[in-house]
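So for the sequence shown, UniProt numbering puts the first residue at 1; every next one is plus one.
C-beta: ideal position from N, C-alpha, C; glycine also.
See structure below.
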Amino acid sequence: MIFKLMMALLAALIVFSVFMFFLGRKNSEKQNIKKRIAYFADYQAGHTASGRKKTLGDFIKYLLHRGGEMLEPFKRSNSLELKMQQADWPITGPEFQLILTSLGIFGALAFFAYTHQIISMLLGFIFGALLGWAVLNFHIQRRQAAFTNQLSDMLKMIADAMRAGFSFMQAMEHVAREMDAPASREVEKLMRETNLRVPLETALENMSARVKSKDFDLVITAVLIQRQVGGNLSQILDSISNTINARLRMRQEVKTLTSQGRMSGIILALLPIALAVFINTINPSYLKPLFEEEIGHIAIGIAVFLEIIGFIVIKRIVNIDT
């Protein structure tokens, strides 16, 4: 039974790959030019070395890139591309869709191998895809938080450079050289866009969309107003830096006070899953009605729904907007 199922999945995967290969060859020349420009805009010297020995990782990247090109015709929006830029991952939206699909298939096979139930394959596919999506969102949130923590020091560096006689763009270039990621990476992207004759206002708005920081929105507003009406930008940036420092201290205090509630939410979300795995390990027949009978499937669905609702409610309670 398992062998037949595996062969059916393999055959379906081969047919799908052949179909996507011929579909991907129909990409227009306009799309190819767009990809070349996007690659040039995000190119970093030294990131790749020609002539070095190819590794297994390079082969996997090549397969991922080709698969992403095949999925390009199905792209409906740029929201996933923005997610990749926010995470600073060197892949495109269609390539990440391919990763999510692969994780879903792996999760489906793993769940089926563990439970030997067809219905568990759907749960495994959903779990694998959601796991990849959760990792992406976690990485984005951590990176945006790191940028916010660096923002005050970045503004101080820009203000000091401008008082020393540098222009705003020269000060930004100094930040790109001296600061650590993610601030340096984001400023590098801004510098590349301006070097490609993108207006500074547009480049700052693109950077704001990537970092998603209310504090950085204050910086953009100050810079744009100063460019229109004039003023002492270094002094303004110093004032914003002091304000950001005060807000960061308040956020740390709130985070400390709500740490117990956040930990309770995580434990309550993971406890039923851990308990089910433990019971199924020591007594597999005990939970069989949940997977074999219709009422068991309904109970699992209700339990998962209530778990999600409870986790969201606890998260909303402990997430205080500062």
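- If you draw a straight line from the Cα of THR258 to the Cα of GLY107, it is about 34 Å long.
- The continuous stretches of alpha helix (DSSP H) do not include VAL198, and DSSP gives it neither H nor E.
- Residue environment analysis places GLU186 among the buried positions, since at least 16 neighbouring C-beta atoms fall within 10 angstroms of its C-beta.
- For the pair GLN86 and ARG210, the Cα-to-Cα distance works out to about 5 Å.
- Residue burial annotation: GLY265 is buried, with at least 16 other C-beta atoms found within 10 angstroms of its C-beta.
- According to the DSSP assignment, THR115 belongs to the alpha helix (DSSP H) that extends over 93 to 115.
- Taking C-beta atoms as the reference points, LEU200 and VAL223 count as a pair closer than 9 Å.
- In terms of CA proximity to GLN97, LEU136 leads the group LEU136, ILE119, PHE112 and ALA113.
- With 16 or more neighbouring CB atoms inside 10 Å of its own CB, ARG143 falls in the buried class.
- Assigned with DSSP and collapsed to three states, ALA209 falls in helix.
- By the C-beta density criterion, LEU306 is exposed, having fewer than 16 other C-beta atoms within 10 angstroms.
- Taken through DSSP and simplified to helix, strand or coil, GLU293 comes out as coil.
- At a Cβ-Cβ threshold of 9 Å, ASP215 and ILE244 count as neighbours.
- In the displayed model, MET169 falls within a helix according to three-state DSSP.
- Less than 9 Å separates the beta-carbon of ASP160 from that of SER234.
- DSSP places MET162 within a helical segment (H, G or I) once states are collapsed to three.
- CA-CA distance, MET179 to ASP238, rounds to 18 Å.
- Around the C-beta of MET169, fewer than 16 other C-beta atoms lie within 10 Å, and the residue is accordingly described as exposed.
- Nearest C-alpha to SER213 among ARG192, TRP133, ALA146 and GLU173: ALA146.
- Between the alpha carbons of SER184 and ALA176 lies a gap of roughly 4 Å.
- In the DSSP assignment, ALA246 falls within the alpha helix (DSSP H) that extends over 233 to 257.
- Sequence-distant Cβ neighbours of ALA303 in its own chain, meaning closer than 8 Å and more than five residues away, are PRO272.
- Cβ-Cβ distances below 6 Å link MET207 to GLU186 and LEU190 in the same chain, with the five nearest sequence neighbours on each side left out; the list follows chain order.
- Apart from the 5 residues on each side of it in sequence, LEU204 sits with its Cβ closer than 8 Å to the Cβ of LEU190, ILE220, VAL223 and LEU224 in its chain, given in chain order.
- Ranked by Cα distance from GLY128, the options SER120, GLY104 and LYS255 are led by GLY104.
- LEU248 and ASN149 do touch by the CB rule: their CB atoms are close to 7 Å apart, below 8 Å.
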